[in-house]
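Structure first, then comments.
Numbering (full-length UniProt numbering), first residue to last: 1 to 214.
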């Protein structure tokens with residue numbers, strides 16, 4: 001895959017971006033970051049790059065989902081990441097627009113997470129999303145014990161990619177980077193966009209370690 005200047009700029013943003021968790025989840029007692037927090041933090045880093053976030057309602061099976069897309073463009077090339085959030089059929093005390101709005105914010109956040117390699121795997125759900133969908137925030141304390149024969153859930157591709165981006169940035173030599181990349185590659189679905197993005201990050205980091213990037 002031909003690397004463009006946009007890929008290099010995205011790599012720089014991924015390593016520089018610091019989006020603090022300014023929101024509070026009162027259900028689980030955790031801080032978290034929203035889509036708005038990420039957008040506010042990334043604005044100073046965009047410079048000549050344009051970031052757009054859009055969403056649409058899609059029907060998958062018999063359920064409606066919000067499909068959010070975060071797109072980075074420099075006028076010549078673009079890089080896009082999509083994320084989905086399922087919309088509940090109904091929720092007491094919430095009208096359709098409120099429910100769709102909360103689901104949209106949730107989907108947009110994870111599209112931005114994927115684009116900028118932000119690992120929110122341990123973040124609890126926001127108050128609004130938890131209340132409107134009836135989902136409880138993920139708890140880190142006292143997790144339920146697994147049954148001996150319970151099959152381990154497959155790794156989340158977004159989490160794997162985010163962790164690889166972080167580890168790649170810290171790798172001090174090409175051999176260590178290759179080892180990290182090999183482990184990441186095995187955990188990502190075959191033929192997925194996540195593998196393409198991981199390969200992009202790997203190639204750019206190799207070039208950086210070899211002094212090929214100015």
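Positions of the beta carbon are idealized from the N, C-alpha and C atoms, including for glycine.
CB-CB length for residue i against residue j, believed under 8 Å
i	j	result
residue 217	residue 9	In the structure as shown, the chain begins at 1 and stops at 214. Residue 217 is therefore absent and cannot be evaluated.
residue 21	residue 32	5 Å
residue 216	residue 80	Outside the modelled stretch of the chain, which goes from 1 to 214, sits residue 216, for which no answer is possible.
residue 108	residue 173	So it is not a contact: roughly 37 Å between Cβ atoms.
residue 16	residue 39	Contact doesn't hold; Cβ gap of about 15 Å is too wide.
C-beta contact flag for residue i and residue j at 8 Å
i	j	result
residue 180	residue 168	yes
residue 206	residue 188	no
residue 37	residue 14	no
residue 102	residue 82	no
residue 35	residue 18	no
residue 100	residue 53	no
residue 194	residue 155	no
Cβ neighbour criterion (16 or more within 10 Å) applied to residue i
i	result
residue 113	buried
residue 118	buried
residue 125	Because residue 125 sits at a pLDDT of 49, beneath the cut-off of 50, its placement in the model cannot be relied upon, and the following sentence gives the value as read from the coordinates. Under this definition residue 125 is a buried residue.
residue 210	exposed
residue 192	exposed
residue 25	buried
residue 148	Its pLDDT being 47, under 50, residue 148 is placed unreliably by the model, and nothing is read from it.
residue 60	exposed
residue 204	buried
residue 134	Bear in mind that a pLDDT of 44 at residue 134, under 50, signals an unreliable position, so the model cannot answer this.
residue 160	buried
residue 150	Because residue 150 carries a pLDDT of 48, less than 50, the predicted location of this residue cannot be relied on, and no value is offered for it.
Residue closest to residue i, alpha-carbon to alpha-carbon, out of the options
i	options	result
residue 74	59, 5, 208 and 30	5
residue 183	116, 80, 198 and 192	198
residue 11	26, 39 and 115	115
residue 104	170, 45, 157 and 58	58
residue 51	201, 202, 164 and 71	71
residue 200	165, 190 and 62	165
residue 175	196, 202, 186 and 190	202
residue 170	208, 196 and 186	208
Quick check for students: name the residue ranges of the beta strand (DSSP E) that lie wholly in the segment 19–105, counting only runs of 3 or more. 23–25, 30–32, 50–60, 63–73 and 78–86
Quick one: complete alpha helix (DSSP H) runs, 4+ long, within the segment 143–208? 157–170 and 174–187
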